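See below for the structure under consideration.
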Amino acid sequence: MSTLLNNLDVFTTGFRNTIILFLVSGLFALILGTIIGTMRVSPVPAMRGFGTLYVNVVRNTPLTLVLFFFAFGYPKLGLPEIDFTTAAIVGLSLYTASYVAEVLRSGINTVPVGQAEAARAIGLPFLQTLTLVILPQAFRSVLPPLFSVLIALLKNTTVAAGFSVAEAGSIRAFLAERGEPGMIVLLWVALIFVILVLILAQLQRYFEKKWKVAR
Amino acid sequence: MSSVLYDAPGAKARIRHLVLGVATFVVVVAIIGFVIWRLAETGQFTEAKWKIFTFPFVQQTILQAVGATLSAFAVAAAGSLVLGLALAVGRLSDRAWVSTPFHWFTELFRAIPVLILMMMFYYGLPPLLGLKWPPYVAVVVALVLYNGSVLAEVFRAGIEALPKGQREAGVAIGLTKSQVTSIILLPQAVRSMLPVIISQLVVTLKDTALGFIVTYNEILFQAKYFGSQIQYGSPIVPSAIVAGVLYVGMCLILSGLAKLAERQLRRSQRVAGPKKGAPALNAAQDAATTI
Numbered sequence: 002m003s004t005l006l007n008n009l010d011v012f013t014t015g016f017r018n019t020i021i022l023f024l025v026s027g028l029f030a031l032i033l034g035t036i037i038g039t040m041r042v043s044p045v046p047a048m049r050g051f052g053t054l055y056v057n058v059v060r061n062t063p064l065t066l067v068l069f070f071f072a073f074g075y076p077k078l079g080l081p082e083i084d085f086t087t088a089a090i091v092g093l094s095l096y097t098a099s100y101v102a103e104v105l106r107s108g109i110n111t112v113p114v115g116q117a118e119a120a121r122a123i124g125l126p127f128l129q130t131l132t133l134v135i136l137p138q139a140f141r142s143v144l145p146p147l148f149s150v151l152i153a154l155l156k157n158t159t160v161a162a163g164f165s166v167a168e169a170g171s172i173r174a175f176l177a178e179r180g181e182p183g184m185i186v187l188l189w190v191a192l193i194f195v196i197l198v199l200i201l202a203q204l205q206r207y208f209e210k211k212w213k214v215a216r
Numbered sequence: 026m027s028s029v030l031y032d033a034p035g036a037k038a039r040i041r042h043l044v045l046g047v048a049t050f051v052v053v054v055a056i057i058g059f060v061i062w063r064l065a066e067t068g069q070f071t072e073a074k075w076k077i078f079t080f081p082f083v084q085q086t087i088l089q090a091v092g093a094t095l096s097a098f099a100v101a102a103a104g105s106l107v108l109g110l111a112l113a114v115g116r117l118s119d120r121a122w123v124s125t126p127f128h129w130f131t132e133l134f135r136a137i138p139v140l141i142l143m144m145m146f147y148y149g150l151p152p153l154l155g156l157k158w159p160p161y162v163a164v165v166v167a168l169v170l171y172n173g174s175v176l177a178e179v180f181r182a183g184i185e186a187l188p189k190g191q192r193e194a195g196v197a198i199g200l201t202k203s204q205v206t207s208i209i210l211l212p213q214a215v216r217s218m219l220p221v222i223i224s225q226l227v228v229t230l231k232d233t234a235l236g237f238i239v240t241y242n243e244i245l246f247q248a249k250y251f252g253s254q255i256q257y258g259s260p261i262v263p264s265a266i267v268a269g270v271l272y273v274g275m276c277l278i279l280s281g282l283a284k285l286a287e288r289q290l291r292r293s294q295r296v297a298g299p300k301k302g303a304p305a306l307n308a309a310q311d312a313a314t315t316i
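As given, the protein sequences belong to chains R and E, one line each in that order.
Residue numbers for the first sequence, in this note's numbering: 2 to 216.
Residue numbers for the second sequence, in this note's numbering: 26 to 316.
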């Protein structure tokens with residue numbers, strides 16, 4: 002307990018940054034993932050091709066490598082400088098978006114065919130069929146896998162610790178300098194992660210109940 | 026080519042799709058072109074930056090790093106499959122005092138980030154025990170614990186999605202409970218969940234790259250090392266490209282092998298498990314989605 006209380010400053014900064022990383026990249030990943038998911042089912046072959054390519058390449062690339070590129074490679078390209086936190090957010094968003102896109106696509110398939118047929122029958126074009134009729138229903142049925150992706154994103158934020166972002170994964174390195182026992186520190190970090198994951202799981206249950214589809 | 030989401034395009038729509046298609050193509054090519062232009066402009070394609078990769082010693086070291094990644098992956102994959110089976114069987118036990126601890130074990134190790142587990146087994150635990158072991162042990166143990174717990178959930182979801190008649194028929198012909206599980210339920214569950222199991226193995230392969238952060242001598246670690254050699258112009262971007270090609274290549278090969286195995290299994294399928302696309306199976310596969 003004293004390990005936690007004596008170093009509360011490091012723990013709060015660490016987890017505050019973790020939550021910032023999670024919220025910001027979660028938001029961007031949802032937006033980008035929806036766009037790419039839409040492209041994957043769109044009537045334009047070039048868009049479908051790009052969506053498929055993006056998902057297949059990114060899903061087969063380790064997150065560590067994505068962050069490695071943005072932390073070490075990007076600064077060499079002579080583009081506007083970004084700090085490590087922004088680099089981590091960009092990497093996490095691009096990586097998670099491919100999973101969001103896949104989840105949404107599988108959700109689109111679970112919406113009964115009649116819904117899309119009815120939407121087309123009343124003359125809605127593709128984008129309106131998707132955004133007004135299909136996606137709102139798909140979002141509800143994909144809540145469990147979508148939350149799995151978000152929980153995975155929360156845990157993946159720790160990878161940024163390897164690339165100079167002061168978040169939960171780097172608490173151990175900070176406290177090693179203060180001479181705290183590593184295992185105790187890591188157990189506290191793990192415990193807080195378990196609590197955060199439980200909160201997300203609770204949130205998922207709440208939304209599932211609230212948005213239950215009546216079919 | 027038709028989808029329920031849109032009508033077959035007419036004359037106007039075809040032109041619109043063509044315009045949109047060309048626009049997408051131009052945008053994508055522009056983005057890729059911009060990245061390549063920046064790379065070329067900053068001299069990442071010059072001979073000097075790539076020279077380091079022409080030395081046999083460097084190539085051998087990279088091959089060894091690939092071997093290190095593959096070795097960690099192979100051991101972790103085998104270990105997590107075994108652990109996953111054990112945990113799933115334990116969790117499906119009828120006795121609450123057996124299934125509850127297994128349930129908590131899987132939930133706990135699914136909730137802790139793999140990297141934190143690796144740090145525990147590399148920085149945390151050895152000093153407490155007065156021991157010292159190479160980062161390889163930490164990488165493999167952490168991957169086994171995490172992926173084993175995830176796979177346990179996958180196996181369990183697969184078994185629970187099977188039609189009830191399978192278990193009942195097994196019991197009716199006089200098999201014991203463990204026989205029903207091992208020769209009737211598990212084989213079908215594994216077959217129906219194969220896509221999820223495979224994608225989890227791809228995740229395992231990708232997660233070996235986390236070993237980079239706990240100083241395990243794998244591909245990314247070597248890439249960082251060669252990328253910071255100043256006398257060769259700090260070729261960090263060429264290093265990242267080499268590591269990227271290796272990782273994406275290995276993952277694609279693994280995914281390809283998996284698809285092949287899946288097709289073979291489906292062809293030789295003798296029993297009628299839940300059909301592909303059945304709601305129960307889809308739900309089970311979705312519920313097991315992880316990264």
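Even for Gly, the Cβ is constructed at its ideal location relative to N, Cα and C.
Remember, it's a predicted structure, so these values are computed and weren't measured experimentally.
Check whether residue i and residue j have beta carbons under 8 angstroms apart
| i | j | result |
| --- | --- | --- |
| Val-101 (chain R) | Leu-31 (chain R) | yes |
| Gly-269 (chain E) | Pro-260 (chain E) | no |
| Thr-35 (chain R) | Leu-245 (chain E) | no |
| Ile-141 (chain E) | Ala-191 (chain R) | yes |
| Leu-95 (chain R) | Val-67 (chain R) | yes |
| Phe-51 (chain R) | Val-53 (chain E) | yes |
| Val-215 (chain E) | Val-205 (chain E) | no |
| Met-144 (chain E) | Val-164 (chain E) | no |
| Leu-144 (chain R) | Glu-209 (chain R) | yes |
| Ala-97 (chain E) | Tyr-161 (chain E) | yes |
| Ile-83 (chain R) | Val-112 (chain R) | no |
| Gly-183 (chain E) | Met-218 (chain E) | yes |
| Ile-109 (chain R) | Val-42 (chain R) | yes |
| Ser-26 (chain R) | Leu-93 (chain R) | yes |
| Ile-238 (chain E) | Gly-74 (chain R) | no |
Residue i versus residue j: straight-line alpha-carbon distance, rounded
| i | j | result |
| --- | --- | --- |
| Ala-136 (chain E) | Lys-156 (chain R) | 8 angstroms |
| Ala-283 (chain E) | Ile-123 (chain R) | 43 angstroms |
| Thr-130 (chain R) | Tyr-31 (chain E) | 8 angstroms |
| Gln-247 (chain E) | Pro-63 (chain R) | 15 angstroms |
| Val-107 (chain R) | Val-100 (chain E) | One point to set straight first is that residue 107 (chain R) is Ser, not Val, in the sequence displayed. Going by the C-alpha atoms only, they are around 32 angstroms apart. |
| Gln-213 (chain E) | Gly-115 (chain E) | 18 angstroms |
| Lys-213 (chain R) | Leu-204 (chain R) | 14 angstroms |
| Pro-46 (chain R) | Ile-198 (chain E) | 54 angstroms |
| Glu-178 (chain E) | Trp-129 (chain E) | 12 angstroms |
| Gly-68 (chain E) | Ile-223 (chain E) | 40 angstroms |
| Val-44 (chain E) | Phe-140 (chain R) | 30 angstroms |
| Val-60 (chain E) | Gln-116 (chain R) | 42 angstroms |
| Lys-202 (chain E) | Glu-193 (chain E) | 10 angstroms |
| Trp-158 (chain E) | Pro-182 (chain R) | 18 angstroms |
| Phe-70 (chain R) | Ala-265 (chain E) | 6 angstroms |
Neighbouring residues, chain B, relative to residue i (Cβ below 7 angstroms)
| i | result |
| --- | --- |
| Met-218 (chain E) | The structure shown contains no chain B; the protein chains it does contain are R and E. |
Nearest neighbour of residue i, chosen from the options [CA to CA]
| i | options | result |
| --- | --- | --- |
| Phe-80 (chain E) | E:Gly-281, E:Met-275 and E:Tyr-257 | E:Tyr-257 |
| Leu-199 (chain R) | E:Ile-56, E:Leu-133, E:Ala-33 and E:His-128 | E:Leu-133 |
| Thr-159 (chain R) | R:Met-2, R:Asn-7, R:Phe-23 and R:Thr-13 | R:Phe-23 |
| Gly-15 (chain R) | R:Val-186, R:Gln-205 and R:Glu-209 | R:Val-186 |
| Ser-280 (chain E) | R:Ser-99, R:Arg-60 and R:Ala-47 | R:Arg-60 |
| Leu-78 (chain R) | E:Ile-208, E:Ile-184 and E:Leu-64 | E:Leu-64 |
| Val-221 (chain E) | E:Gln-84, E:Leu-176 and E:Glu-193 | E:Leu-176 |
| Val-166 (chain E) | E:Val-205, E:Leu-106, E:Lys-202 and E:Ala-194 | E:Leu-106 |
| Leu-154 (chain R) | R:Gln-138, R:Ala-174, R:Ala-89 and R:Arg-173 | R:Ala-89 |
| Gly-170 (chain R) | R:Gly-180, R:Thr-111, R:Tyr-207 and R:Trp-189 | R:Trp-189 |
| Gly-274 (chain E) | E:Val-60, E:Pro-151 and E:Leu-230 | E:Leu-230 |
| Cys-276 (chain E) | R:Pro-137, R:Ile-196 and R:Val-58 | R:Val-58 |
| Leu-9 (chain R) | R:Leu-93, R:Arg-179, R:Tyr-207 and R:Ala-202 | R:Arg-179 |
| Gln-225 (chain E) | E:Ala-113, E:Leu-210 and E:Gly-109 | E:Gly-109 |
| Thr-221 (chain R) | R:Leu-6, R:Gly-38 and R:Ser-165 | The structure shown has nothing for residue 221 (chain R), since chain R only spans 2 to 216. |
Exposed unless 16 or more other CB atoms sit within 10 angstroms - verdict on residue i
| i | result |
| --- | --- |
| Asp-119 (chain E) | exposed |
| Ile-255 (chain E) | exposed |
| Asn-172 (chain E) | buried |
| Ile-77 (chain E) | buried |
| Glu-72 (chain E) | exposed |
| Ile-172 (chain R) | buried |
| Met-26 (chain E) | Any reading at Met-26 (chain E) needs caution, since the residue's pLDDT is 36, under 50, leaving its predicted position unreliable; the model's value is listed next. Answer is exposed; the Cβ neighbour count stays below 16. |
| Tyr-241 (chain E) | buried |
| Leu-133 (chain R) | exposed |
| Gln-289 (chain E) | exposed |
| Tyr-272 (chain E) | buried |
| Ala-168 (chain R) | What sits at residue 168 (chain R) in the sequence shown is Glu, not Ala. So Glu-168 (chain R) ends up on the buried side. |
Whole runs of the alpha helix (DSSP H) within the stretch 108 to 159 of chain E, excluding any shorter than 4 residues: 121 to 136, 139 to 144 and 150 to 154
4 or more residues per run - each alpha helix (DSSP H) lying fully within the stretch 122 to 188 of chain R: 136 to 142, 144 to 157 and 172 to 178
Length at least 4, wholly inside the stretch 57 to 87 of chain R: the alpha helix (DSSP H) runs in chain order: 64 to 69
Alpha helix (DSSP H) runs wholly inside the stretch 226 to 270 of chain E, at least 4 long, in chain order: 244 to 252
Complete runs of the alpha helix (DSSP H) confined to the stretch 163 to 232 of chain E [at least 4 residues]: 189 to 197, 211 to 217 and 219 to 232
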